[in-house]
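Residue numbers (this note's numbering): 71 to 280.
Let me begin by presenting the structure, written as structure tokens, before commenting on it.
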């Protein structure tokens, strides 16, 4: 006789899809669907010394009731070069949606000055809280790594245009930071029709030129 894994015993029995269940889903998709948005910059500045210059935020407006059943983490992909892996810290950090929050910030993620890569990706992983069975891992678009701006005049490469230029109709986030430290960062967002500066929540704004 085959033994059943203890992990699988924690899950309820699989229910058969019925016409009534499908009609209920079509009438109330919000009860069953879960969507999460990961907002990140197109570029990330290297952190020197004790600096931690990069922030990555997530927003899960439509599934805050399901966060008690899901564990989510976010991290930076490992370098392909084994020697670079030893000098870099790329630990997956948990996304904290406790206390009924539908947003969180991954402020502990940063690119060290010892990391020699020019680009990297963010990986967000989801798993069931009961049993730890993986749901899936989702990757961001490519993020460009930049150094501190040089005092010398530099020409921009054509390949960097999409990372360093803001085009009409694109989406941006505005923030204010003191001496590149994330502890003092304030993000601009809209709440009740008014602009607010927050240390934990930000908004994405469309830029349109008239």
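By construction, the Cβ of each residue, glycine as well, lies at the ideal position given by its N, Cα and C atoms.
- Per the C-alpha coordinates, the member of 272, 98, 190 positioned closest to residue 146 is 190.
- The C-beta of residue 264 has fewer than 16 other C-beta atoms within 10 Å across all chains shown, which makes the residue exposed.
- Using a 10 angstroms sphere on the CB of residue 204, the tally of other CB atoms stays under 16, which defines it as exposed.
- Straight-line measurement puts the Cα of residue 166 at about 11 Å from the Cα of residue 177.
- Beyond the five residues adjoining it in sequence on each side, residue 102 comes within less than 8 Å, by CB distance, of 95 in the same chain, given in chain order.
- Nearest to residue 183 by C-alpha distance, out of 173, 217, 200, is 217.
- Taking every protein chain shown into account, the CB of residue 173 has 16 or more other CB atoms within 10 angstroms, so this residue is buried.
- Contact between residue 140 and residue 208 is ruled out by a C-beta separation of about 13 Å, above the 8 Å threshold.
- Membership of residue 175 in any alpha helix (DSSP H) is not indicated; the residue belongs instead to the beta strand (DSSP E) covering 173-176.
- Straight through space, the alpha carbons of residue 215 and residue 206 are spaced by roughly 26 Å.
- Per DSSP, residue 94 lies in no beta strand (DSSP E); the unbroken alpha helix (DSSP H) holding it starts and ends at 89-97.
- Going by DSSP, residue 266 is part of the beta strand (DSSP E) stretching over 264-268.
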